[in-house]
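Asker:
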Amino acid sequence: MTSAAPPLLSVEGLVKHFPARTGFIGRANGVVRAVDGIDFEIAAGETMALVGESGCGKSTTGRLVLRLIEPTAGRIRFEGRDLLALNGAELRAQRRALQIIFQDPYASLNPRMTVGQTLAEPLALHGLAPGRHRERVVQLLGLVGLTAQHAERYPHEFSGGQRQRVGIARALAAEPRLIICDEPVSALDVSIQAQVINLLSDLQRNLGLSYVFIAHDLAIVKHIAARVAVMYLGRIVEYGNKRSLFASPRHPYTQALLSAIPVPHPGERRQRIILQGDVPSALDPPSGCRFRTRCPYARQRCTDEEPVLGEADGHAVACHFWREIAPPALVAVAARRDLRLERLQAAFRGPAGDHRAGEQPVGDAVISLPSGGAAPPAE
Ligand code: SF4
Numbered sequence: 047m048t049s050a051a052p053p054l055l056s057v058e059g060l061v062k063h064f065p066a067r068t069g070f071i072g073r074a075n076g077v078v079r080a081v082d083g084i085d086f087e088i089a090a091g092e093t094m095a096l097v098g099e100s101g102c103g104k105s106t107t108g109r110l111v112l113r114l115i116e117p118t119a120g121r122i123r124f125e126g127r128d129l130l131a132l133n134g135a136e137l138r139a140q141r142r143a144l145q146i147i148f149q150d151p152y153a154s155l156n157p158r159m160t161v162g163q164t165l166a167e168p169l170a171l172h173g174l175a176p177g178r179h180r181e182r183v184v185q186l187l188g189l190v191g192l193t194a195q196h197a198e199r200y201p202h203e204f205s206g207g208q209r210q211r212v213g214i215a216r217a218l219a220a221e222p223r224l225i226i227c228d229e230p231v232s233a234l235d236v237s238i239q240a241q242v243i244n245l246l247s248d249l250q251r252n253l254g255l256s257y258v259f260i261a262h263d264l265a266i267v268k269h270i271a272a273r274v275a276v277m278y279l280g281r282i283v284e285y286g287n288k289r290s291l292f293a294s295p296r297h298p299y300t301q302a303l304l305s306a307i308p309v310p311h312p313g314e315r316r317q318r319i320i321l322q323g324d325v326p327s328a329l330d331p332p333s334g335c336r337f338r339t340r341c342p343y344a345r346q347r348c349t350d351e352e353p354v355l356g357e358a359d360g361h362a363v364a365c366h367f368w369r370e371i372a373p374p375a376l377v378a379v380a381a382r383r384d385l386r387l388e389r390l391q392a393a394f395r396g397p398a399g400d401h402r403a404g405e406q407p408v409g410d411a412v413i414s415l416p417s418g419g420a421a422p423p424a425e
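Numbered according to the numbering used here, the sequence shown terminates at residue 425, and the numbering increases by one at each position without gaps.
(1) Please return the same chain residues whose Cβ sits closer than 6 Å to the Cβ of Y257, not counting the five positions on each side in sequence.
(2) Let me check you understand the geometry: is the CB of P331 closer than 7 Å to at least one non-hydrogen atom of the ligand SF4?
(3) Identify the continuous beta strand (DSSP E) that holds G356 and give its terminal residues.
(4) Would you call the segment 209-218 and the segment 138-152 touching, i.e. three or more CB-CB distances under 8 Å?
(5) With C-beta atoms as the reference, is P151 less than 8 Å away from R199?
(6) Is there contact between the segment 269-282 and the segment 96-107, where contact requires at least three CB pairs shorter than 8 Å?
(7) Once the 5 residues before and after N287 are set aside, which same chain residues still bring their CB inside 7 Å of it?
(8) Quick one: grab the DSSP three-state call for V61.
(9) Within its chain, find whatever has a CB closer than 6 Å to the CB of G83; leave out the 5 residues flanking it on each side and keep chain order.
(10) Answer with buried or exposed for E351, where buried requires no fewer than 16 other C-beta atoms within 10 angstroms of its C-beta.
(11) Roughly how far, in whole angstroms, is the beta-carbon of A364 from the beta-carbon of V283, given that I think they are within contact range, below 8 Å?
(12) Check whether the Cβ atoms of P295 and Y343 lie closer than 8 Å to each other.
(13) So, for H366: in the same chain, excluding its five sequence neighbours on each side, which residues have a beta-carbon less than 6 Å away from its beta-carbon?
(14) Measure from the alpha carbon of R345 to the alpha carbon of each residue in W368, V231, A170, then state which is nearest.
(15) Can you find the residues in the same chain that come closer than 7 Å, C-beta to C-beta, to P331, ignoring five residues on each side of it along the sequence?
(16) Tell me whether A194, by its Cβ, gets closer than 7 Å to a heavy atom of the ligand SF4.
(17) H467 by DSSP, collapsed to three states: which one?
(18) Could you name the residues of the same chain whose beta carbon sits closer than 6 Å to that of H196, not counting the 5 residues immediately before and after it, in chain order?
(19) In angstroms with no decimal places, state the Cα-to-Cα distance between P52 and T68.
(20) Using the Cβ count rule (16 or more neighbours within 10 Å means buried), how would you classify P423?
(21) Per DSSP, what kind of secondary structure is P52 in: helix, strand or coil?
(22) How big is the Cα-Cα spacing for Q163 and L189?
(23) On the three-state DSSP scale, how would you describe C227?
(24) Hey, is G257 close to the ligand SF4, as in C-beta under 7 Å from one of its heavy atoms?
(25) May I ask you to report which of helix, strand or coil DSSP gives A66?
(26) State the Cα-Cα distance for the pair P374 and A306, rounded to the nearest angstrom.
(27) Report the three-state DSSP secondary structure of N252 (helix, strand or coil).
(28) Grab me the residues of R318's own chain with a C-beta within less than 6 Å of its C-beta, minus the 5 sequence neighbours each way, in chain order.
(29) Excluding sequence positions up to five away, which residues of its chain have a Cβ less than 7 Å from the Cβ of G191?
(30) Using only the alpha-carbon positions, how far apart do F64 and V77 sit?
(31) What is the DSSP secondary structure of V190, reduced to helix, strand or coil?
(32) To which residues of the same chain is A66 closer than 8 Å at the C-beta, ignoring the five residues directly before and after it?
(33) How many whole angstroms separate the CB atoms of V242 and G207, which I take to be in contact at a CB cut-off of 8 Å?
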């Protein structure tokens, strides 16, 4: 699973297992397999989306890349350097290039600090813009569509969308090259979501940023990601460029996620796939294919043998039978709507040439009108 350009970030065999503890003394009684061996690469200036339901390991992956939590196994290389081998000052310096935008901007901002102070903090921490913090803060606010006056305000004085803009400005303050966007629009209204996505796209174009865009909704990532990795229970089950994955999803899980998205054509909709059951526990994932307990195509081989992520035509999928599974069909809804409309119209107009003068059709029946042509009063 490689991109054409040399990778800015490369992740190999990344694993994170958390000990599950119970009882008063917190005795370990198992392992939560949050991330269980994933690989991906991101080129400079590219956006890769990590998509999946809650608990699939996508946010844990973002935090592992930033080394906010330590992986159990695997390798993370950023600009050719082994991130896991860095410590102390080296790690701090490297972290400047890797920033994060959180889902809940209100929770991620200090309510006692003005926005100006919040944005000046990373400048001081990394020794950036010495002696001209105020100027740089105003510049950062301008980059995200806010003004110098906003620097004096506190987080509670902003709307949700404005707070997320402040969160983006804070991430930009350290002059990063890669930003982990952890569900940055999930808590926002739909109209504001589009504005924030457009802002992130503009910033990427102007500043050459790379994004790992984490989301649970494929509809959101369609507008920003170049490539998409779909995660299920700690594993990547499908990975490909956006065009190929949206046009021809191969894994039944991706197909189910995609079937929930409306198509932009008013006369069509996708055949809806409703998955049965809940996501199994990451404490005890199913044997073989982890998706088999919810997969409508599961067979014995799916229980016995775990599918590997196999690549064909630059599009990878972890399913034994993907070649036999057709993507959900587009259903023409315009024709059905027309038929209903025609019946309705027939109720008032009647089939052409099918009623005699002095008669008016109502539904399938034809009623006689008095010689004046007016309809009879209802009884
Ligand atoms: Fe379904 Fe089997 Fe494919 Fe897993 S390997 S997605 S259970 S068909």
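Ideal Cβ placement from N, Cα and C applies to all residues, glycine included.
Answerer: A quick look at the data gives this:
(1) Locating residue 257 in the sequence shown gives position 211, counting from the first residue. Only T93, I225, C227 meet the Cβ criterion.
(2) Numbered from its first residue, the sequence shown carries residue 331 at position 285. False, no ligand heavy atom lies under 7 Å from that Cβ.
(3) Against the sequence shown, residue 356 aligns to sequence position 310. Segment 356-358, the beta strand (DSSP E) holding G356.
(4) Because the criterion of three Cβ pairs below 8 Å is met, the segment 209-218 and the segment 138-152 touch.
(5) Indexing the sequence shown from 1 puts residue 151 at position 105. Indexing the sequence shown from 1 puts residue 199 at position 153. Taking 8 Å as the Cβ cut-off, P151 and R199 do not qualify as a contacting pair.
(6) Because the criterion of three Cβ pairs below 8 Å is met, the segment 269-282 and the segment 96-107 touch.
(7) As a working note, residue 287 is residue 241 in the sequence shown. Closer than 7 Å at the Cβ level, and outside the excluded window around N287, lie A272, R273, G360.
(8) For the purposes of this step, residue 61 is taken as residue 15 along the sequence shown, with counting starting at 1. Strand, per DSSP.
(9) As a position in the sequence shown, residue 83 is number 37, starting the count at 1. The residues are G59, V61.
(10) Residue numbering aside, residue 351 sits at position 305 when the sequence shown is read from its first letter. The residue is exposed, with fewer than 16 neighbouring Cβ atoms inside 10 Å.
(11) Position 318 of the sequence shown, counted from the first residue, corresponds to residue 364. Position 237 of the sequence shown, counted from the first residue, corresponds to residue 283. With 8 Å as the limit, A364 and V283 qualify as a contact, their Cβ atoms being about 5 Å apart.
(12) Looking up residue 295 in the sequence shown gives position 249. Looking up residue 343 in the sequence shown gives position 297. Taking 8 Å as the Cβ cut-off, P295 and Y343 do not qualify as a contacting pair.
(13) Here the question's residue 366 lines up with position 320 in the sequence shown. If we look at H366 and ignore the five residues flanking it on each side, its Cβ neighbours are R347, P353.
(14) Residue numbering aside, residue 345 sits at position 299 when the sequence shown is read from its first letter. If we check each option's Cα against that of R345, W368 comes out closest.
(15) Against the sequence shown, residue 331 aligns to sequence position 285. Cβ neighbours of P331 beyond the five flanking positions: R79, L279.
(16) Stepping through the sequence shown from its first residue, residue 194 is reached at position 148. Placement of the Cβ of A194 at a distance of 7 Å or more from every heavy atom of the ligand SF4 is found.
(17) Residue 467 is absent from the model: the chain starts at 47 and stops at 425.
(18) Taking the first residue of the sequence shown as position 1, residue 196 is located at position 150. Contacts found: V161, L187.
(19) Here residue 52 refers to the residue found at position 6 of the sequence shown. Here residue 68 refers to the residue found at position 22 of the sequence shown. Cα-Cα distance, rounded: 45 Å.
(20) Stepping through the sequence shown from its first residue, residue 423 is reached at position 377. Unreliable placement is indicated for P423, whose pLDDT of 37 sits below 50; no coordinate value is reported for it.
(21) Taking the sequence shown and counting its residues from 1, one reaches residue 52 at position 6. DSSP places P52 in coil when its eight states are reduced to three.
(22) Looking up residue 163 in the sequence shown gives position 117. Looking up residue 189 in the sequence shown gives position 143. Distance between the alpha carbons of Q163 and L189: 17 Å.
(23) As a first step, residue 227 is located in the sequence shown; it is residue number 181 there, counting from the start. If DSSP states are grouped into helix, strand and coil, C227 belongs with the strands.
(24) One-based indexing of the sequence shown puts residue 257 at position 211. The amino acid occupying residue 257 in the given sequence is Tyr; Gly does not appear at that position. No; taking the cut-off as 7 Å, the Cβ of Y257 has no heavy atom of the ligand SF4 nearer than that.
(25) What you label residue 66 is simply residue 20 of the sequence shown in a count that begins at 1. A66: strand per DSSP, three-state reduction.
(26) Working through the sequence shown from its first residue, we reach residue 374 at position 328. Working through the sequence shown from its first residue, we reach residue 306 at position 260. Each residue's Cα considered, the two are about 11 Å apart.
(27) Here residue 252 is taken as the residue at index 206 of the sequence shown, counted from 1. In the structure shown, N252 adopts helical secondary structure according to DSSP, grouped into three states.
(28) Residue numbering aside, residue 318 sits at position 272 when the sequence shown is read from its first letter. Contacts found: S305.
(29) Here the question's residue 191 lines up with position 145 in the sequence shown. These residues qualify, in order along the chain: R211, L245.
(30) Within the sequence shown, numbered from 1, the residue matching residue 64 stands at position 18. Within the sequence shown, numbered from 1, the residue matching residue 77 stands at position 31. Looking at the two C-alpha atoms, the distance is approximately 6 Å.
(31) Counting from one through the sequence shown, the residue named residue 190 turns up at place 144. Residue state, collapsed to three classes: coil.
(32) Numbered from its first residue, the sequence shown carries residue 66 at position 20. If we look at A66 and ignore the five residues flanking it on each side, its Cβ neighbours are A74, N75, G76, V77, V78, L329.
(33) Within the sequence shown, the letter at position 196 stands for residue 242. Within the sequence shown, the letter at position 161 stands for residue 207. Rounded, the Cβ-Cβ distance is 6 Å, consistent with contact.
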